[in-house]
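The letter at position 604 of the sequence shown is residue 846 when you use our numbering, and the numbering goes up by one with no holes.
Following: one structure in structure tokens, then a few remarks.
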Amino acid sequence: MDKLTGISSFRGFIDETDKLLTDNPNDNFDIFVWDIVQFKVINDLYGMEAGDWLLKEIAAEIKAKVTRGTCGRIGNDKFVCCVFANDKLYSFKNNVYVFRREGVEHRILIQGGCYQVRSRDVPVIKMCDRAILALNSIKGKYTEAVAIYNNSEREDIIMGQRLAADFDNALKERQFKVYIQPIYYADSNVMAGGEVLVRWEHPTLGFLSPGRFIRYFEQNYLITRLDKFVWEEACRILKRMKEEGKTVIPLSINISRADFLFDNLYDVLVGLVTKYDVAPDKLRIEITESAYIDNPVKIKDTIDRLCEYGFSIHIDDFGTGYSSLNTLKELPFGILKIDKTLIDEIDGSEKAANVVSTIINMAKLLGMDVIAEGVENVKQLNFLKHMGCKYIQGFYFSKPVCEEEFFKKDFEDRVLIHDDTDKFNVESIFTIRNPESRGIIDMIIGAILQYEINDGQLVLKRVNQEFYYQYGIKDPYELFTVRKGKIIDEEDISRVYKRCISAMTRNETNYIEAGYTRKDGSKGSLYIKIFYIGKENGKPQFLFNTMDITKEKRKRLKQRLLDYMDSLSKLCSEILRLNYTDNTLTTVHCDENRVKVKYDNAPLDRLLNRFSSILDKDEHDEIMKVFSYEEMEKFCLSNESIKVISIHLHSNNCGRHLCEIIIVNNRDEHGKIIVTTGSRVIL
Numbered sequence: 243m244d245k246l247t248g249i250s251s252f253r254g255f256i257d258e259t260d261k262l263l264t265d266n267p268n269d270n271f272d273i274f275v276w277d278i279v280q281f282k283v284i285n286d287l288y289g290m291e292a293g294d295w296l297l298k299e300i301a302a303e304i305k306a307k308v309t310r311g312t313c314g315r316i317g318n319d320k321f322v323c324c325v326f327a328n329d330k331l332y333s334f335k336n337n338v339y340v341f342r343r344e345g346v347e348h349r350i351l352i353q354g355g356c357y358q359v360r361s362r363d364v365p366v367i368k369m370c371d372r373a374i375l376a377l378n379s380i381k382g383k384y385t386e387a388v389a390i391y392n393n394s395e396r397e398d399i400i401m402g403q404r405l406a407a408d409f410d411n412a413l414k415e416r417q418f419k420v421y422i423q424p425i426y427y428a429d430s431n432v433m434a435g436g437e438v439l440v441r442w443e444h445p446t447l448g449f450l451s452p453g454r455f456i457r458y459f460e461q462n463y464l465i466t467r468l469d470k471f472v473w474e475e476a477c478r479i480l481k482r483m484k485e486e487g488k489t490v491i492p493l494s495i496n497i498s499r500a501d502f503l504f505d506n507l508y509d510v511l512v513g514l515v516t517k518y519d520v521a522p523d524k525l526r527i528e529i530t531e532s533a534y535i536d537n538p539v540k541i542k543d544t545i546d547r548l549c550e551y552g553f554s555i556h557i558d559d560f561g562t563g564y565s566s567l568n569t570l571k572e573l574p575f576g577i578l579k580i581d582k583t584l585i586d587e588i589d590g591s592e593k594a595a596n597v598v599s600t601i602i603n604m605a606k607l608l609g610m611d612v613i614a615e616g617v618e619n620v621k622q623l624n625f626l627k628h629m630g631c632k633y634i635q636g637f638y639f640s641k642p643v644c645e646e647e648f649f650k651k652d653f654e655d656r657v658l659i660h661d662d663t664d665k666f667n668v669e670s671i672f673t674i675r676n677p678e679s680r681g682i683i684d685m686i687i688g689a690i691l692q693y694e695i696n697d698g699q700l701v702l703k704r705v706n707q708e709f710y711y712q713y714g715i716k717d718p719y720e721l722f723t724v725r726k727g728k729i730i731d732e733e734d735i736s737r738v739y740k741r742c743i744s745a746m747t748r749n750e751t752n753y754i755e756a757g758y759t760r761k762d763g764s765k766g767s768l769y770i771k772i773f774y775i776g777k778e779n780g781k782p783q784f785l786f787n788t789m790d791i792t793k794e795k796r797k798r799l800k801q802r803l804l805d806y807m808d809s810l811s812k813l814c815s816e817i818l819r820l821n822y823t824d825n826t827l828t829t830v831h832c833d834e835n836r837v838k839v840k841y842d843n844a845p846l847d848r849l850l851n852r853f854s855s856i857l858d859k860d861e862h863d864e865i866m867k868v869f870s871y872e873e874m875e876k877f878c879l880s881n882e883s884i885k886v887i888s889i890h891l892h893s894n895n896c897g898r899h900l901c902e903i904i905i906v907n908n909r910d911e912h913g914k915i916i917v918t919t920g921s922r923v924i925l
């Protein structure tokens with residue numbers, strides 16, 4: 243029994259299925275292996291508890307479907323079942339599973355591999371292996387729900403074993419040859435760079451394209467050795483450009499998910515550019531998003547180090563499958579490559595054209611360049627140029643060529659100057675018709691606001707759907723009628739206005755932090771990217787890409803508090819924490835030689851009562867106002883971190899003294915109104 247799901251374990255399934263087949267010798271059966279596509283993303287997004295809950299839900303559904311057969315869990319996110327063939331269990335809700343979590347509907351993909359049991363000549367465990375082989379044949383093909391095993395799967399295994407056996411000798415004899423597919427500027431026939439690819443001149447099988455051997459090498463990790471060979475060849479070619487007086491244009495290399503499993507990836511790449519005296523920004527690194535989601539923490543650390551050293555990182559094959567799209571925000575990608583499958587469709591599909599257009603605009607908002615991959619005709623080229631795509635790769639300009647052919651072409655490495663007119667297609671951001679496409683793009687680029695300058699004032703014109711979701715505003719009525727289109731705090735508007743003018747006059751992206759009022763009434767902080775997008779009816783137009791950084795600022799505030807505490811403990815003989823939400827008073831630090839009373843969650847009134855004996859009436863009233871709940875709430879909800887007030891204290895023994903009271907904003911993440919305070923005598 244599988245402890246998590248309550249269905250059979252894999253061992254139990256084998257025994258039960260063996261008995262089922264023995265008891266029904268004249269019946270045909272089908273064995274299915276089901277896999278949750280990119281299940282790791284579910285755990286990353288919603289947590290292990292949600293992932294476990296989902297596994298139990300799917301196990302229950304499989305068990306409910308399999309009324310006359312057997313079922314079990316192989317492990318992780320794979321399930322297996324054996325059913326009578328005439329039960330025809332060939333789809334799992336058309337390979338989409340819908341579940342609700344915390345009131346929100348989510349969709350995931352489930353794919354299956356099927357082995358048709360028509361004889362009993364192989365053991366059950368081998369039948370399962372063959373179902374898994376069928377499943378693996380449709381990995382990455384997300385429109386296919388189920389693959390059925392046939393003898394070609396077995397032939398495929400034999401071919402993989404043969405190529406793996408030939409690998410060492412092929413590497414030694416340099417049977418692998420690098421080819422380079424040029425990348426062109428969209429507005430000319432001049433190369434801007436190239437992607438380094440590999441071909442195999444096999445002595446008996448002939449010329450093999452990557453599709454014939456790469457997938458086998460990925461399965462047995464030979465791919466890491468082949469990749470290193472290609473990377474070194476790329477560095478050698480870059481060095482040759484410099485030695486022959488050519489303009490050194492960047493070359494892209496591919497890094498597979500297997501490469502990230504080894505701790506020395508950073509050292510290998512740095513070692514290669516050092517060995518060949520190559521500038522790291524000329525060796526561009528391409529990774530697919532599927533590689534990232536396998537081990538995001540480790541991969542992000544490696545990529546951050548590579549970027550810091552000077553390498554440029556590309557995201558490859560964008561637009562394929564169902565990606566964890568937040569990767570675009572999490573990693574420092576400089577270039578986005580739109581996959582050929584999307585480019586193929588823009589000729590005949592308005593939906594595909596809209597998606598491509600929006601991806602290009604989204605990339606610009608994220609500060610990324612775009613390469614369109616697989617461009618094959620002038621219609622595609624003209625569309626992409628019109629959308630503002632600057633780099634083109636595909637057979638329209640050039641197929642992959644050998645090194646010598648590559649060196650015969652024109653090289654040019656230049657910085658593209660974006661003119662104001664082609665910066666953004668604004669409408670594509672606000673008017674995406676397809677809800678799925680709109681949801682994907684909004685999730686990536688975040689909240690977008692369009693402002694214009696009208697009579698010297700910044701006026702909000704419209705926002706995208708993600709804005710309403712992120713900031714808890716219900717609809718346009720609440721935004722424009724109730725709130726009067728006011729988002730940014732009034733005291734910060736003039737600073738934001740000046741940044742807008744700067745973005746317009748200098749034709750550059752500007753950045754600023756500004757305050758705003760959150761849904762719960764508390765003060766929050768926004769990080770705003772400001773883009774000037776031209777004029778409409780003579781009025782300057784701007785896009786604001788905003789991010790709520792309130793939590794980050796509070797973390798910084800906590801760090802400042804620690805710094806202040808160190809200073810306060812040196813300046814003040816007594817430091818107190820005042821919790822206005824819980825109405826408590828606690829001593830944090832005191833000089834026991836000078837302070838006789840300590841508080842531990844005492845009523846807050848005790849401090850306020852102390853003021854009566856040491857303050858004149860006027861100053862007493864002032865201090866009582868400063869320390870009132872209303873004033874402390876305003877202080878804690880503000881972006882202020884510290885305030886200092888001066889007062890005169892008096893005592894029977896020492897007369898009057900000028901003192902400073904220091905108050906530090908210590909509001910916690912749960913919104914409690916807390917301050918830390920201390921005082922010191924100045925005169």
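C-beta: ideal position from N, C-alpha, C; glycine also.
Just so we're clear, the structure is a prediction, and the values are computed from it rather than from any experiment.
task: Can you grab the Cα-Cα spacing for the pair Ile-400 / Glu-386, in whole Å?
output: Computed Cα separation, rounded: 25 Å.
query: Does the Cβ of Lys-914 have 16 or more other Cβ atoms within 10 Å, making it buried, or fewer, making it exposed?
result: exposed
query: Would DSSP call Thr-747 helix, strand or coil?
result: helix
message: What does the alpha-carbon distance come out to for the pair Glu-460 and Gly-763?
response: 53 Å
field: Every unbroken alpha helix (DSSP H) within the region 249-308, with a cutoff of 4 residues, ordered by chain
entry: 252-265, 281-288 and 290-307
- prompt: Leaving out five residues before and five after Gln-699 in sequence, what residues of the same chain have Cβ atoms less than 7 Å from its Cβ?
  reply: For Gln-699, there are no CB contacts under 7 Å within the same chain when 5 residues up- and downstream are skipped.
task: Out of His-890, Arg-909, Val-886 and Leu-900, state which residue places its alpha-carbon closest to the alpha-carbon of Gly-929.
output: The shown model of the chain, from 243 to 925, leaves out residue 929, and the question about it has no answer.
message: So, with DSSP's three-state summary, where would you put Cys-631?
response: coil
- request: Out of Ile-695, Ser-767 and Met-243, point me to the one whose CA is closest to Lys-740's CA.
  value: The option with the nearest alpha carbon to Lys-740 is Ile-695.
field: Between the CA atoms of Pro-718 and Ser-870 - distance to the nearest angstrom
entry: 37 Å
field: Spatial distance of Ile-903 from Ile-735 (CA atoms)
entry: 32 Å
task: Take Lys-716 and list the residues in its own chain whose beta-carbon comes closer than 8 Å to its own, dropping the five residues that flank it on each side.
output: Tyr-710
task: Assign Lys-524 to one of two classes, buried (16 or more other C-beta atoms within 10 Å of its C-beta) or exposed (fewer than that).
output: buried
task: Tell me, please, whether the region 607-620 touches the region 646-653 by the rule of three or more beta-carbon pairs shorter than 8 Å.
output: no
- prompt: What number of angstroms, rounded off, separates the C-alpha of Asp-257 from the C-alpha of Glu-397?
  reply: 29 Å
field: Local Cβ density within 10 Å of Tyr-822, reported as buried at 16 or more and exposed below that
entry: Buried, because 16 or more other Cβ atoms sit within 10 Å of the Cβ of Tyr-822.
task: Rounded to whole angstroms, what's the CA-CA distance from Glu-443 to Phe-418? Just pull it up for me.
output: 6 Å
- request: Could you tell me whether the Cβ atoms of Ala-756 and Asp-731 are closer together than 8 Å?
  value: yes
query: Since Lys-593 is in the alpha helix (DSSP H), which residue starts that stretch and which ends it?
result: 592-607
- prompt: For the region 454-472 against the region 494-508, are there 3 or more C-beta pairs whose distance is under 8 Å?
  reply: yes
query: Looking at C-alpha atoms only, which residue of Lys-579, Gly-552 and Glu-550 is the closest neighbour of Phe-560?
result: Lys-579
- request: Could you spell out where the beta strand (DSSP E) holding Glu-614 opens and where it closes?
  value: For the sequence presented, residue 614 should be read as Ala rather than Glu. Note, Ala-614: beta strand (DSSP E), 611-615.
message: Taking the alpha-carbon of Asp-558 as reference, which of Cys-549, Lys-540 and Thr-583 has the nearest alpha-carbon?
response: Thr-583
query: CA-CA distance, Lys-245 and Gly-448?
result: 52 Å
query: Considering only the beta carbon of each residue, do Arg-310 and Ile-249 sit closer than 8 Å?
result: no
query: Can you give the Cα-Cα distance for Thr-826 and Val-839, rounded to whole angstroms?
result: 15 Å
- prompt: Within 10 angstroms of its Cβ, does Thr-312 collect 16 or more other Cβ (buried), or is it exposed?
  reply: buried
task: Leaving out five residues on either side along the sequence, give the residues of the same chain with a beta carbon under 8 Å from the beta carbon of Ile-916.
output: Within the same chain, Cβ atoms closer than 8 Å to the Cβ of Ile-916 are found at Arg-819, Leu-820, Asn-821, Tyr-822, Thr-823, Cys-878, Asn-908, Arg-909 and Asp-910, the five residues on either side in sequence being excluded.
Reduced DSSP secondary structure (H/G/I, E/B, other) of Asn-752: strand
query: Which whole runs of the alpha helix (DSSP H) in the region 450-497 are 4 residues long or more, in chain order?
result: Counting whole runs of 4 or more residues, the region 450-497 contains the alpha helix (DSSP H) stretches 456-462 and 465-485.
message: Please state whether the Cβ-Cβ distance between Gln-423 and Leu-439 is less than 8 Å.
response: yes
- prompt: How would you label Lys-777, buried or exposed, when you count the other beta carbons within 10 angstroms and need 16 or more for buried?
  reply: Exposed, by the Cβ-count rule.
- prompt: Candidates Leu-626, Asp-611, Phe-553 and Leu-608: which alpha carbon is nearest Asp-586's?
  reply: Among Leu-626, Asp-611, Phe-553 and Leu-608, the Cα nearest to that of Asp-586 belongs to Leu-626.
- request: Give the C-beta separation of Phe-773 and Thr-751 to the nearest angstrom, bearing in mind that I take them to be a contact with Cβ-Cβ under 8 Å.
  value: 6 Å
- prompt: Nearest-angstrom Cα distance between Leu-785 and Lys-305?
  reply: 52 Å
message: Quick check: what's the CA-CA separation for Leu-493 versus Ala-605?
response: One C-alpha to the other measures close to 21 Å.
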